[in-house]
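Visitor:
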Amino acid sequence: MKLSGGPNRLVEYHCNICGCPNSEQAGRFHREITVCMSCGSNPRFRGIVHALCCGIFNKPQILGDVPSNLPVTGLGFSDSEIYARSLHRIFAYQNTYLHQQPMLDITSSISCEQYLPVDFVICTEVFEHIAPPLQRSFNNLRSLLRPGGVLVFSVPTIEARETVEHFPDYHRASLIDLGDTHILVNRTSDGHVQVFHDLLFHGGAGEVLEMRVFSQERLLQHLESAGFTDMVVYSDSVPEIGYYWGDLPHRSGNLLGYVIAARAA
Amino acid sequence: MGNSGLIDLLSRGDLDPFCTTAPRSGVPSAWYGHIPFAYWITKTLRPHRLVELGTHHGVSYAAFCDAVCRAHLDTRCFAVDTWQGDEHAGTYGEEVYKNLKAFHDSRFAAFSELVRATFDQARDYFQDGSIDLLHIDGCHSYDAVRHDFDNWRPKLSSKAVVLLHDTNVHERNFGVWRLWSELQQIYAGFEFLHEHGLGVVAVGNEVPDAMRELCNLSDASNIARIRNWFAFSGRSCIIEAEVSSLREEAAEGHKLLADRNAELHRLQETEQQMIAQLSAAGEQIRATEDQLQAARADYTAQTARNAELQRLQETEQQMIAQLSAAGEQIRATEDQLQAARADYTALERELASSNRFLRVLREQLATLRRTYGSAITEISRLSEDNERLKAIEDRLNRIVNSTSWKVTFPARRFGENHEAARKWVRRALTGVWWIATGQVFRHLRQRRQARQARAPTSDAASPSLSPCLPLLQSRHCPAAQRWYDKETPEVSIIIVNFNRSDLTQACLESIWRLTENVRYEIVLLDNGSSPNEYARLSEIGGRGRVIRLEANRYFGEGNNIAVEQARGELVCLLNNDTVVTEGWLANLVAELRADSQAGAIGPKFIYPDGRLQEAGALILPDARVRQIGKGGNPEESEYCVGKVVHYISAACVLMPRRLFLEVGGFEFIYEPAYYEDADLFLKIRESGYVIRYCPTARIVHHENASQREVQGISNIVEMNRITFLNRWRHRLAHPVSKCRDLASLTVRKTSGGRKAIIYMTYGLMLGGGERFLLTLAAHLASSQWEVSIGTGVAYSRTRLLNIGDLFGLDLTGVSLLTVENLDEPLDSDLLVVVGNEVVPPMQVLAGKGIYVCQFPFPTTEAYIRERLSWLNAYSRVVVYSEFVRRNYIAQARAYGAPAVPVSVVWPAVDAGRSETSGRGKLNRILHVGRFFSGGHCKRQDLLIRAFRTLCDSCSEKIELHLVGGMHIGPAHQAYFAHCQTLAKGLPVCFHLNADQSKMEHLLETSSVYWHGTGMDTDEYAMPWALEHFGISIGEAMKAGCIAMAPNRGGPQEIIDDRVTGYLFEDEFELVELTQEVFERINSNRVEEMRSRAIAASLRFSREQFARRWGELINEDLGATTTQMPVMVNSRASEVKSEGQPA
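First to last, the sequence lines map onto chains A and B. Under my numbering, the first residue of the first sequence carries the number 151, and numbering increases by one thereafter. Under my numbering, the first residue of the second sequence carries the number 40, and numbering increases by one thereafter.
This is the structure:
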């Protein structure tokens, strides 16, 4: 992400979730780590809120300044409480989870049918963990929105032509805990057994398995095929709210991970 | 400078005793020795603001804060740290901060804060000249501590003192000593040397005298005395902290000891048990030495295997190879299993074939038995008739031969020749009989009672209702009632009462007293209250119009009926458990009229105890409702501003009457209650309007006072939530405004046509029978007939049209007729009546009658005998299928019913359904049928069970979608809940009361259709539990689904087995057939079956239905009676009617 002034530039910003003033050297900005001193939000969270406000109010807003109980509906996928708390106050918003109520499994159309179509959906850092087929889940994501509804989306992405699938023949698989390490045993659709080592987990060993790293280009194609339009990739920094990060090395390449907004056609 | 004050003070030891106790102990720190000084300086300096830079475990900071508490100072304290460590303290984990925060917040949170920031970041939070006491204990390098001092210097006040820790450390990179020596050149100060050293710098010019005294000490002995005194006091603190730490360790040791003792005790017990076991084992060992040898041999072999296993685990490649080999073995086993299944299937089919043969034999036997039974009954009846005839003949002979008969011969001859005299004599005799037997008095009494019962219904607003105007004494609030205007009201206030006349009275009185500046009328609908309750309601004085329903039509339908009767431009729906407040209605009206986009508006709801109940509401994504401000303070500014919301409780809502009716009022699918209001507001929003909250109108509402006693209310709420969700999930995703033309509320008149009444015995519901009759009604109405739907209780026209919408029928030409007395003749040329017994539920007293028997369900013999003769007046019985016809004829013969022609008319498949091929089909199984227990239950429970088996055996991911309405009643709710429980963990989706567009979507996307009625049922013992026809099977076939249904009852006439679908014997075969279909889902074979199914479904078109009815009616009423409508579907018109049985 580009930012003028070099790594020593002191970036002064107001968190768009709590409104608190902060400052940090540009070189120390990280997508997940550089937190607001007041609420603990990181640049990704602030980018999510920025994209949401631009989609709903057509202008950037500080969530703390928005009045309560607006007639706007929204859904989140295990959103961080740092901003979910504010969204719950402002909107008819529900945060959903995979293993606790209210539940929502994006790979299941039946699960998605348990919710009314909403005005916005926030889906951040989810799709790199879900089981194939991918397009079905993108279609399900679209089905959660009313026509014109706003999607705010993010996943780890790289500049590549194709998405890097860690388990390309994933069909029926089990994760096995071997004590000091984990392996994934997969049975492909034609019956072959595969064993995978060197797995990458998010949130600690054995927690959430990374299944793929998206190609930015392919990701946008998936969204378009599912029926999304007006896609905006927030690839430019927004220093006034502290939405910025530098290079993010990953074993599949340099990560982009920009926040993306789109509208349901 | 005199210094005796300070020295004397210290000489006396005049410090608080607490100053030698560390408030925070048990953590490592080099600050314990300075705690007495921390107390002294805090008490002496009395700082307004105290800041510590670098807090770590918080030993020093806790001492400062504790001193503030004990000295009752108004000091604000701040501890600044990142709690991540530095080069001198080392890095440490999050638990340090968490532990300190827990300790701190429970003691000092009232005046102190932990600021998690770097020193530079935190600096901006403090104003210049505001800090009286600054303790610097961060990074101890010279540059860092110099930076901190210089950076924070402007923040210090005129009486500020700075403490620098570690002034006496000269190792590693520590540089505080250097700063201290530089500061001594500028400021007065004092240094303690113990515990790494602590420098005290009097930076301000106005420090207290005692501080100045300390910092200006020059006498070495006094300096030493003070250092020693604080070092000695500090030593107590260190010892205290160590003792505390040791105590904690001792406590842990004790706990460990206790645990170990317990463990030891357990081990001793185990040892005793083991000794006993060993003893027993020893006996066994001695007794079975040979077995031991064998066990040893096994053990040796096991050890060898373990070694082998260990070697396998060490080599990764070997493991993979073994897994692959295992995979191959599994596949081979699966092949074997498949072969075994095939064998088993073949055997099953042979068995099924044998069963079919057996069934044929059973059927023949049953027919013979029935014939034998009928014959015996007939013989018995004939002999009884013979005996009765003989008795009558004997009696007649006795009369003819009697003297009186012979004597009266001339009189009889006179009567035969003189008609008038004969009539006079007959009447006189009849009169004598009426008086003599007391019949005349009984009859008069009955008439008087009937007149009394009808008394409240004198001012009829509609012939189908029982309206009255009893509320009408003006003793209540004459001043306020001047706004009551029954002729030209602006607002009609609609109140529904059900057995709560007390609440209704309070509500009415508040309206009469407090409603001003708006012309209004009150329409009070009594929803079938008990006679006593209704009598009490009638006694309430005041103005209003009452509509009395004979049965509870529930909240939504009650309001629909009342709104249709209302006269105001606006309607205000008001619950009877409310009390209005001053200006309520005028404010609502003004706010509604001020916003042209407002479709409905509601007030601020207050609980009787003054808490806020609702300031508008939002509908959450899972269709639950969030009442804004519930339980809060109604005066809070947030709730005192009008705004747009999703929803307003229908306990009080104002809207244009026109809009209420255009959007279709309250939907009946939510009966008995809940979610009908949310549905109404979404319909209004769908029409382009908004819902507003009006804070200046206030209503006191008891909330749910009338629903508390409804049985199973929590189940109803949850089921209606599902209904609401399913209905609006599709509709919000594909928005179309569905406003109804107001003209449709008035029946389209036809002229010159014949009159038909179609009597819905079971009310205006959403069942297959109702659909059959309403389809007929729509066709007759479009053929210039004057058609009325007759019902035993009143219904709204809104409901009739809503049902028509759900069935895809145009019912605008059909009117409603409430039939209060079945014994009175109805003015019609044709009466069509539906029933579930071999005899009809009512008589035909005028015109021709056709009885539609859904199935001759079992009932009491007395019931049938009483009505057998009624059949005589019917020209025909119509049934849905050959299967029903066979059963009807058999039962009619058994009861000796009059011979009436029985004709089959297949129900019509909805013309609106699209015909699709395999394109767009998903791995989806569909089932359509209402959820109810008993009778011909649709057996969704068995289908879910079969689906679980299918999921276990099929590699494809398949979904099961169950669509249907719900019968009202606890048993049916329990059945639905049971189905939900069975479906847990499976991809099963329930769609309650899906609308037409949702149905079409599901039909288009489903590959397979399952039907369950008749599964697991003995067709000879319980033929009524089989599917009578199965219209949804035909619909599914028309949409290109592969239909599967039990090989019993009506479905046998719809599906040509293995040609247009599948007929299965049991669950096992259903699963197997489905698996086969999904394995070949895109094959030509499946595609061809879809095409054949679509073609076959055209036999059940509405055109065929209309043609068949046309034939029957022409036959019964004469050829000139009607022309059935010409149909539009060209494909359908090509199909000949030969498929329809005659």
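By construction, the Cβ of each residue, glycine as well, lies at the ideal position given by its N, Cα and C atoms.
Below 8 Å, can you find three or more Cβ-Cβ pairs linking the stretch 755 to 768 of chain B to the stretch 824 to 838 of chain B?
Guide: No: fewer than three Cβ pairs fall under 8 Å.
Visitor: Taking only beta-carbon positions, decide if A/E419 is within less than 8 Å of chain B.
Guide: Here chain A covers residues 151 to 415 and nothing more, so residue 419 of chain A does not appear.
Visitor: Between the C-alpha atoms of B/N436 and B/R427, what's the straight-line distance to the nearest angstrom?
Guide: Approximately 14 Å, taken between the alpha carbons.
Visitor: Taking C-alpha atoms, which residue in B/E1043, B/A270, B/W1148 lies nearest to B/K960?
Guide: Checked all of B/E1043, B/A270, B/W1148; the closest Cα to B/K960 is B/E1043.
Visitor: Quick one: what's got a C-beta closer than 8 Å to A/V302's C-beta in the same chain, skipping five residues either side?
Guide: Cβ neighbours of A/V302 beyond the five flanking positions: I198, A201, L202, G205, F270, V271, I272, C273, T274, V409, I410, A411.
Visitor: Could you check whether the Cβ of B/G670 sits closer than 8 Å to any Cβ belonging to chain A?
Guide: No, its Cβ sits nowhere closer than 8 Å to a Cβ of chain A.
Visitor: Going along the stretch 194 to 211 of chain B in order, which residues come within less than 9 Å of chain A, judged by CB to CB distance?
Guide: Cβ contacts with chain A come from no residue of the stretch 194 to 211 of chain B.
Visitor: Indicate whether A/H249 and A/L359 have their beta-carbon atoms separated by less than 8 Å.
Guide: No; because the gap between Cβ atoms is not below 8 Å, this pair is not in contact.
Visitor: Which parts of the stretch 671 to 706 of chain B are runs of the beta strand (DSSP E), unbroken and 3 residues or longer, counting only runs that do not cross its ends?
Guide: Those beta strand (DSSP E) runs which fall completely within the stretch 671 to 706 of chain B and span 3+ residues are 682 to 684, 691 to 695.
Visitor: Considering only their Cβ atoms, is the gap separating B/V916 from B/V941 smaller than 8 Å?
Guide: Yes, the pair counts as a contact, with Cβ atoms nearer than the cut-off.
Visitor: State the CB to CB distance for the pair B/N626 and B/V535, rounded to an integer number of angstroms; the pair is presumed to be in contact (CB under 8 Å).
Guide: The Cβ separation is near 23 Å, so there is no contact.
Visitor: Go through its chain and collect everything with a Cβ distance to B/V826's Cβ below 6 Å, but skip five positions before and after it.
Guide: Excluding residues within five positions, the ones whose Cβ falls inside 6 Å are A795, A816, L819, A820, V853.
Visitor: At which residues does the beta strand (DSSP E) containing B/H740 begin and terminate?
Guide: 729 to 740 is the extent of the beta strand (DSSP E) around B/H740.
Visitor: Hey, quick one: how far does the beta strand (DSSP E) through B/G641 stretch, first residue to last?
Guide: Where B/G641 is concerned, the enclosing beta strand (DSSP E) stretches over 637 to 645.
Visitor: So with CB distances below 8 Å, who are the chain A contacts of B/I708?
Guide: Correct list: empty, because the minimum Cβ distance to chain A is about 17 Å.
Visitor: So the beta strand (DSSP E) B/F1029 belongs to, where does it begin and stop?
Guide: Segment 1027 to 1031, the beta strand (DSSP E) holding B/F1029.
Visitor: On a CA-only basis, which of A/T338, A/H332, A/G298, A/R337 is nearest A/L350? Give me that one, please.
Guide: Looking at the Cα atoms, A/H332 is the closest of the given residues.
Visitor: Kindly list the residues whose CB is nearer than 8 Å to the CB of B/V135, restricted to its own chain and excluding five residues on each side of it in sequence; keep chain order.
Guide: Cβ within range, chain order: H95, H96, W122.
Visitor: For B/C116, write down the residues that DSSP places opposite it in a beta bridge.
Guide: Answer is B/L89, B/S151.
Visitor: Taking only beta-carbon atoms, is A/A176 less than 8 Å away from chain B?
Guide: Closer than 8 Å: no.
Visitor: Within 10 Å of its beta-carbon, does B/A574 have 16 or more other beta-carbons around it, so buried, or fewer, so exposed?
Guide: Label assigned to B/A574: exposed.
Visitor: Count the other CB atoms within 10 Å of the CB of A/Q371; is the residue buried (16 or more) or exposed (fewer)?
Guide: Exposed is the call here.
Visitor: Could you tell me whether any Cβ in chain B is nearer than 8 Å to the Cβ of A/G169?
Guide: False, the Cβ-Cβ gap to chain B never drops below 8 Å.
Visitor: Mind listing the chain A neighbours of B/W767? Cutoff is C-beta to C-beta under 8 Å, in chain order.
Guide: Chain A residues near B/W767: L266.
Visitor: Relative to the alpha-carbon of B/R697, which residue among B/A782, B/A985, B/S220, B/T1052 has its alpha-carbon at the smallest distance?
Guide: It is B/A782 whose Cα lies nearest to the Cα of B/R697.
Visitor: How many angstroms separate the CA atom of B/G1016 from the CA atom of B/L1065?
Guide: This sequence places Ala at residue 1016 of chain B; Gly is not what is there. Approximately 23 Å, taken between the alpha carbons.
Visitor: Applying a beta-carbon distance threshold of less than 7 Å, which residues of chain A neighbour B/A297?
Guide: The premise fails here: B/A297 is roughly 32 Å from chain A at the closest Cβ pair, so nothing lies under 7 Å.
Visitor: Going by C-alpha distance, which of B/R663, B/L850, B/W70, B/I687 is nearest B/N637?
Guide: What sits at residue 637 of chain B in the sequence shown is Ala, not Asn. Nearest of B/R663, B/L850, B/W70, B/I687 to B/A637, Cα basis: B/I687.
Visitor: Going by other Cβ atoms of all chains shown within 10 Å of its Cβ, with 16 needed for buried, is B/L1260 buried or exposed?
Guide: With chain B running from 40 to 1181 in the structure shown, residue 1260 of chain B is simply not present.
Visitor: Got a sec? Which residues, its chain only, sit under 8 Å from B/I755 by beta carbon, not counting five neighbours each side?
Guide: Cβ within range, chain order: P711, A712, Y713, V749, Q1012.
Visitor: Helix, strand or coil, according to DSSP, for B/E998 in the structure here?
Guide: It is a strand residue.
Visitor: Is B/W945 helix, strand or coil when you go by DSSP?
Guide: Coil, per DSSP.
Visitor: Let me check understanding here. Comparing Cα to Cα, which of B/E560, B/S577, B/E529, B/D524 lies closest to B/S540?
Guide: Per the Cα distances, B/S577.
Visitor: Kindly indicate which three-state DSSP category B/Y798 falls into: helix, strand or coil?
Guide: Looking at B/Y798 - three-state DSSP - the assignment turns out to be strand.
Visitor: According to DSSP, is A/N358 helix, strand or coil?
Guide: It should be pointed out that residue 358 of chain A corresponds to Val in this sequence rather than to Asn. It is a strand residue.
Visitor: Check whether the stretch 1057 to 1074 of chain B and the stretch 889 to 898 of chain B are in contact - that is, three or more C-beta pairs closer than 8 Å.
Guide: Yes: the two stretches touch, three or more of their Cβ pairs being nearer than 8 Å.
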